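Visitor: The structure is given below, and queries will be raised subsequently.
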Amino acid sequence: MLPYLIGVGAVVVVVLVVVFAMYNSLVSARAHVRESWSNVDTELQRRHDLIPNLVNTVKGYMKHERELLENIVSLREQAERLRPGEATQDQARVETALQSALGQLRVRIENYPDLKASTNVESLQAELANTEDRVQSSIRFYNGNVKNLELKVESVPTNIIAGLFGFKKAQYFELHDEAARQAPKVAF
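Read left to right, the sequence shown gives residues 3 to 190 (this note's numbering).
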């Protein structure tokens, strides 16, 4: 009888160790998602903080581009309202529009030689380009962590533990710039 109890006890201990390991892997994956979202949020805030400086620097030169500048300011305000918290589709939509508007601004700056020659504008544009790269990098890292959590939440047997303890998949954060997806038209 004693060997039987020892065997059952050993099986119970092994099962508990496996359950704890799966639970801890889910907790770790969720923590990585939250941490990487914090990095995305920091980079988006960095971009949002650059926008007023850029707009104030160029608006004296670009009087004819008032509508674009107002749109950028409006999109920044919307993005700031949506920013705190977890990734959402609305936030991705606004950030995509903001990214597109900033791209339009960079293109239009080329039409103003005095503005293009300004070291302040050049510095702000370089900082904004660097920030855009950092935003994209942090989004890729975040989405990789979301995928890792998703795989754990959906795969057997971890999905059982995820269901028991309320682990959910996280939202991917994707910026969809439709203009960037279109192939350029070349006319000869």
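C-beta: ideal position from N, C-alpha, C; glycine also. In this text, all values refer to a predicted model and were calculated from it rather than measured experimentally.
So the alpha helix (DSSP H) Asn-113 belongs to, where does it begin and stop?
Guide: Note, Asn-113: premise wrong, no alpha helix (DSSP H); not H, not E.
Visitor: Taking Val-20 as the reference, which of Leu-177, Gly-165, Thr-160, Phe-175 has the closest Cα?
Guide: The candidate whose alpha carbon is nearest that of Val-20 is Thr-160.
Visitor: What number of angstroms, rounded off, separates the C-alpha of Ile-141 from the C-alpha of Trp-39?
Guide: Those two C-alpha atoms are separated by around 8 angstroms.
Visitor: Could you pull the start and end residues of the alpha helix (DSSP H) that Glu-88 belongs to?
Guide: That residue, Glu-88, is in no alpha helix (DSSP H); it is neither H nor E in DSSP.
Visitor: Pick helix, strand or coil for Gly-165, following the three-state DSSP scheme.
Guide: In the structure shown, Gly-165 sits in a helix (DSSP, three-state: H, G or I).
Visitor: Could you pull the start and end residues of the alpha helix (DSSP H) that Met-24 belongs to?
Guide: Segment 4-60, the alpha helix (DSSP H) holding Met-24.
Visitor: Contact check, Leu-84 vs Val-96 under 8 angstroms by CB: the rounded distance?
Guide: Contact flag correct, Cβ pair sits at about 6 angstroms.
Visitor: Please identify the residue among Lys-61, Val-35, Asn-41 whose C-alpha is closest to the C-alpha of Val-123.
Guide: Minimum Cα distance to Val-123 is reached at Lys-61.
Visitor: Evaluate Tyr-6 with the Cβ neighbour count: other Cβ atoms within 10 Å of its Cβ, from every protein chain shown; 16 or more gives buried, anything less gives exposed.
Guide: Label assigned to Tyr-6: exposed.
Visitor: Check for me: the alpha helix (DSSP H) holding Glu-129 runs from which residue to which?
Guide: Looking at the DSSP string, the run of the alpha helix (DSSP H) that includes Glu-129 is 121-156.
Visitor: Going by the CB atoms, is the gap between His-178 and Thr-98 shorter than 9 angstroms?
Guide: Against a cut-off of 9 angstroms, the Cβ pair of His-178 and Thr-98 comes out as a contact.
Visitor: Helix, strand or coil for His-66, going by three-state DSSP, please let me know.
Guide: In this structure, His-66 counts as helix in the three-state DSSP scheme.
Visitor: Does the distance from the C-beta atom of Ile-162 to that of Leu-104 stay below 9 angstroms?
Guide: No, the pair does not count as a contact, with Cβ atoms beyond the cut-off.
Visitor: Are there 16 or more other CB atoms within 10 angstroms of the CB of Lys-65, so buried, or fewer, so exposed?
Guide: When all chains shown are included, Lys-65 counts as exposed.
Visitor: Go ahead and pull the three-state DSSP assignment for Leu-177.
Guide: Looking at Leu-177 - three-state DSSP - the assignment turns out to be coil, as it is neither helix nor strand.
Visitor: CA-CA distance, Arg-48 and Val-14?
Guide: Looking at the two C-alpha atoms, the distance is approximately 51 angstroms.
Visitor: I need the DSSP call for Lys-171, collapsed to helix, strand or coil.
Guide: Lys-171 falls in the coil class under three-state DSSP.
Visitor: Which residue from Leu-71, Ala-89, Arg-136 puts its Cα closest to that of Arg-110?
Guide: Nearest of Leu-71, Ala-89, Arg-136 to Arg-110, Cα basis: Leu-71.
Visitor: Taking the straight line between their C-alpha atoms, what separation do you get for Asp-92 and Gln-173?
Guide: Spanning the two alpha carbons is a distance of roughly 12 angstroms.
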